[in-house]
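Participant: Chains as they are written, first to last, in this note's numbering: chain A, 1 to 46; chain B, 47 to 494. Note that beta-carbon positions come from the ideal geometry of N, C-alpha and C, so glycine has one too.
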Amino acid sequence: MSDDLAALRAALAARGLALRPEDEAAALATARFLAQAAALVRDAPQ
Amino acid sequence: MIAPPVPSAAQAGAKLRDGRLTAARLLSLHRDRIAAVDGRVRAFWAMDPRADDAAARADAELAAGQDRGPLHGIPFAVKDMIDVEGLPTTNGSRAADPAQAARDAEAVRRLIEAGAVPLGKVATYEWGFVGPDPGLAQPPAANPWNLAHVTGGSSSGSAAAVAAGMARLALGSDTGGSIRAPAAYCGVVGVKPTRGRVPGEGIAALSPALDHAGPVAATVAEAALMLDALAPGAGAASRLAGSARGLTLGYARDWFAADPACDAGVRRAMDDAASALSLAGARIVEVPLPDYALMEAAGAVMIHVEGLRRHEASLRTRGHLWGRMATQTVQGGALLTDADLARAEALAPRLAAGVDAALERCDAILTATVLTPAPPFAAFGRGAVWTPMRTLPFNLTGHPALSVPAGLVGGLPVGMQIVGRHGDEAGILRVAAAFEAATGHGVHRPPL
Numbered sequence: 001m002s003d004d005l006a007a008l009r010a011a012l013a014a015r016g017l018a019l020r021p022e023d024e025a026a027a028l029a030t031a032r033f034l035a036q037a038a039a040l041v042r043d044a045p046q
Numbered sequence: 047m048i049a050p051p052v053p054s055a056a057q058a059g060a061k062l063r064d065g066r067l068t069a070a071r072l073l074s075l076h077r078d079r080i081a082a083v084d085g086r087v088r089a090f091w092a093m094d095p096r097a098d099d100a101a102a103r104a105d106a107e108l109a110a111g112q113d114r115g116p117l118h119g120i121p122f123a124v125k126d127m128i129d130v131e132g133l134p135t136t137n138g139s140r141a142a143d144p145a146q147a148a149r150d151a152e153a154v155r156r157l158i159e160a161g162a163v164p165l166g167k168v169a170t171y172e173w174g175f176v177g178p179d180p181g182l183a184q185p186p187a188a189n190p191w192n193l194a195h196v197t198g199g200s201s202s203g204s205a206a207a208v209a210a211g212m213a214r215l216a217l218g219s220d221t222g223g224s225i226r227a228p229a230a231y232c233g234v235v236g237v238k239p240t241r242g243r244v245p246g247e248g249i250a251a252l253s254p255a256l257d258h259a260g261p262v263a264a265t266v267a268e269a270a271l272m273l274d275a276l277a278p279g280a281g282a283a284s285r286l287a288g289s290a291r292g293l294t295l296g297y298a299r300d301w302f303a304a305d306p307a308c309d310a311g312v313r314r315a316m317d318d319a320a321s322a323l324s325l326a327g328a329r330i331v332e333v334p335l336p337d338y339a340l341m342e343a344a345g346a347v348m349i350h351v352e353g354l355r356r357h358e359a360s361l362r363t364r365g366h367l368w369g370r371m372a373t374q375t376v377q378g379g380a381l382l383t384d385a386d387l388a389r390a391e392a393l394a395p396r397l398a399a400g401v402d403a404a405l406e407r408c409d410a411i412l413t414a415t416v417l418t419p420a421p422p423f424a425a426f427g428r429g430a431v432w433t434p435m436r437t438l439p440f441n442l443t444g445h446p447a448l449s450v451p452a453g454l455v456g457g458l459p460v461g462m463q464i465v466g467r468h469g470d471e472a473g474i475l476r477v478a479a480a481f482e483a484a485t486g487h488g489v490h491r492p493p494l
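(1) How long is the line joining the alpha carbons of Glu172/B and Ala89/B, rounded to whole angstroms?
(2) Among the candidates Arg467/B, Gln463/B and Leu354/B, whose CA atom is the shortest distance from the CA of Leu405/B?
(3) Interface residues of chain B around Ala38/A at Cβ under 7 Å?
(4) Is it buried or exposed for Ile158/B, if we count other Cβ within 10 angstroms and need 16 for buried?
(5) Look up Glu172/B in the DSSP assignment and give the residues it is bridged to.
(6) Cβ atoms of Arg114/B and Ser449/B: under 8 Å apart, would you say?
(7) Indicate whether at least one CB of chain A lies closer than 8 Å to the CB of Thr485/B.
(8) According to DSSP, what are the bridge partners of Gln146/B?
(9) Please classify Ile48/B as buried or exposed, where buried requires at least 16 neighbouring CB atoms within 10 angstroms.
(10) Mind pulling the alpha helix (DSSP H) runs of 4 or more residues that sit fully within the region 383-464 of chain B?
(11) If you drop the 5 nearest sequence neighbours on each side, which residues of the same chain put their C-beta closer than 7 Å to that of Val351/B?
(12) With a cut-off of 8 Å, does the C-beta of Asp23/A fall near any C-beta of chain B?
(13) May I ask which residues mark the beginning and end of the beta strand (DSSP E) holding Glu152/B?
(14) Looking at C-beta atoms only, is the number of pairs between the region 228-238 of chain B and the region 134-141 of chain B that lie closer than 8 Å three or more?
(15) Rounded to whole angstroms, what's the CA-CA distance from Arg356/B to Ser289/B? Just pull it up for me.
(16) Since Ala6/A meets chain B, which of its residues come closer than 8 Å, beta carbon to beta carbon?
(17) Measuring straight from C-alpha to C-alpha, what distance separates Pro45/A and Leu442/B?
(18) In terms of alpha-carbon separation, which member of Ala425/B, Ala472/B, Gln463/B and Thr437/B lies closest to Ala194/B?
(19) Assign Val52/B to one of three DSSP states: helix, strand, or coil.
(20) I want to verify the contact list: residues of chain D whose CB lies under 9 Å from the CB of Thr375/B, in sequence order.
(21) Could you check what DSSP says for Thr265/B in three-state terms: helix, strand or coil?
(22) Drop a sphere of 10 angstroms on the beta-carbon of Val234/B, count the other beta-carbons inside from all chains shown, and report buried for 16 or more, exposed for fewer.
(23) Just checking my contact of Gly461/B with Pro451/B at CB under 8 Å: how many whole Å lie between their CB atoms?
(24) Can you list the residues of chain A that Arg389/B reaches, using a CB-CB cut of under 7 Å?
(25) Run through DSSP, which three-state label would Ala188/B get?
(26) Would you list, in sequence order, the uninterrupted alpha helix (DSSP H) runs of no fewer than 4 residues that lie entirely inside the region 306-350 of chain B?
(27) Quick one: measure Cβ to Cβ for Arg362/B and Gly16/A, integer angstroms, because I've assumed they're closer than 8 Å.
(28) Taking Asp143/B as the reference, which of Thr373/B, Tyr231/B, Leu367/B and His258/B has the closest Cα?
(29) For Ala501/B, which beta-bridge partners are listed by DSSP?
(30) Measure the alpha-carbon distance for Ala207/B versus Val168/B and round it to whole angstroms.
(31) Counting only Cβ pairs nearer than 8 Å, list the residues of chain A close to Gly379/B.
(32) Which residues in chain A sit within 8 Å of Ala392/B, going by Cβ to Cβ distance?
(33) Report yes if the C-beta distance between Ala109/B and Ala69/B is below 8 Å; otherwise report no.
(34) In this structure, what does DSSP give as the bridge partners for Lys238/B?
(35) Would a check of beta-carbon distances place Leu361/B closer than 8 Å to chain A?
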């Protein structure tokens, strides 16, 4: 299991949510896109 | 014979007032058209049981000399994320509360107050997030221009119903482009007003800072009539007569055309659109806008943090009833933090100021709504499909923005987005009306 997937599973578990195996790939793709988005926002001049 | 598309609000209004048509008969024409084509389009999910009484009341009032204005007796459809009294608000989800709404959303109430007749509820992507998901209780609406292609969303049924001639007016909601993108894909007019201009009471929230409600309509004139009813004081319909002459329009070409995902046909359609407005008397200047990727990033962070917050409890207790696409989208936001949200919110005013600066150089901004025509359903069967568009930034900044038909690319519609100063819906509708009159794109209808 990738570190990203483990982190996503853990974050969901902390909210009482579980990731179905059939949802893993798509949810992980969204999470990676959002991680890049958050980084772009974080690094933008405020 | 297949029932023809329903008449425009202006055509119907004239006949209602000189006695050649009744609101009851107009309602019947809508139902005939729905019966004829909606089996293929799948826009309508429920019919409003109050419609006959509302039409009868409209007729009685006109007979008694009481005229509520240009929407008197005109039917309208409502996206199924918006409360309509006596019907459940399904939000396109099996996990939604099945109870009937106790009262109309304020936007619906205002349209009824203006004399419009509530026709029924139309399709939405699940919770307004993402689609088309074939695994939901209702199959997704199809694009009337080519039934093998998607409508876009999430106001999928609003755009499909209007494009298919089953209604001239529909209410939609837009958190990242959910009115404008399906309007562009389906070849109709969609307006996202200034943030706060149309009340959100009774409309399912997705991301409160980004949520907007507004009209989907067959023509610019009808969108303006609807907006005037939804936002008293907008004064849009009375300003449509002005031409584009004397206007300075900023063309944000690089903002979309430089994206490798932009279809060459969309680029050509947009250049033709700018030329048409120039020939109609407008001065066209190129304007820069803030970095698109940054605007999209900030908006995406906000939608996903707030979306997960809002739906977390439902996912925990009723997650087995959710569709896969919405589940994957919402769960994908779990790694974002409150600090991410705070940074995105803090960035929004600076990005809005960048759009304001561009609008100091022009009366309105022209850019593409979507960067491709509507993709086929088949593409989604092979996994997630990125549908590039340029809509989310104006949910973030709150500027009014609309999509108006800008021609066909490969037989499918595309839209031009027109963005204005805060509160200036009338201004962007005026530009859209001038464009519609100059090109005739708005009169094309799908071959249903």
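Facilitator: On the basis of the supplied data:
(1) Straight-line Cα distance between these residues: approximately 14 Å.
(2) Comparing Cα-Cα distances from Leu405/B to each of Arg467/B, Gln463/B and Leu354/B, the minimum goes to Arg467/B.
(3) Val347, Leu382 and Asp386, listed in chain order.
(4) With 16 or more Cβ atoms within 10 Å of its Cβ, Ile158/B is classed as buried.
(5) Beta-bridge pairing links Glu172/B to Val176/B.
(6) By the CB criterion at 8 Å, Ser449/B and Arg114/B fall outside the cutoff.
(7) Put simply, the CB of Thr485/B is far from chain A, with every gap to its CB atoms at 8 Å or more.
(8) For Gln146/B, the beta-bridge partners assigned by DSSP are Pro134/B.
(9) It counts as exposed.
(10) With a minimum length of 4 residues, the continuous alpha helix (DSSP H) runs that stay inside the region 383-464 of chain B are 384-405, 423-427 and 438-443.
(11) Answer for Val351/B: Gly379, Leu382, Asp386 and Leu387, listed in chain order.
(12) So yes, Asp23/A belongs to the interface.
(13) Counted as a single uninterrupted DSSP element, the stretch harbouring Glu152/B is not any beta strand (DSSP E) but the alpha helix (DSSP H) occupying residues Glu152 to Glu159.
(14) Output reads no: the region 134-141 of chain B does not touch the region 228-238 of chain B.
(15) Arg356/B and Ser289/B have their alpha carbons spaced roughly 45 Å apart.
(16) The premise fails here: Ala6/A is roughly 11 Å from chain B at the closest Cβ pair, so nothing lies under 8 Å.
(17) If you take the alpha carbons of Pro45/A and Leu442/B, they lie about 17 Å apart.
(18) Nearest C-alpha to Ala194/B: Ala425/B.
(19) The three-state secondary structure of Val52/B, taken from DSSP, is coil.
(20) The displayed structure is made up of protein chains A and B, and chain D is not among them.
(21) Secondary structure at Thr265/B: coil, using DSSP grouped into helix, strand and coil.
(22) Its Cβ being crowded by 16 or more others within 10 Å, Val234/B is buried.
(23) With a contact defined as Cβ atoms closer than 8 Å, Gly461/B and Pro451/B qualify at about 6 Å.
(24) The contacting residues are Val41 and Arg42.
(25) Ala188/B: strand per DSSP, three-state reduction.
(26) Listed in chain order, the complete alpha helix (DSSP H) runs (minimum 4 residues) inside the region 306-350 of chain B are 310-325.
(27) Contact holds; Cβ gap of about 5 Å.
(28) The residue among Thr373/B, Tyr231/B, Leu367/B and His258/B with its C-alpha nearest the C-alpha of Asp143/B is Leu367/B.
(29) The question about residue 501/B has no answer here: the residues shown for chain B are numbered 47 through 494.
(30) Each residue's alpha carbon lies about 8 Å from the other.
(31) What Gly379/B touches in chain A: Thr30, Ala31 and Leu34.
(32) Under the 8 Å cutoff, chain A gives Gln46.
(33) Taking 8 Å as the Cβ cut-off, Ala109/B and Ala69/B do not qualify as a contacting pair.
(34) Bridge partners of Lys238/B: Ala447/B.
(35) Closer than 8 Å: yes.
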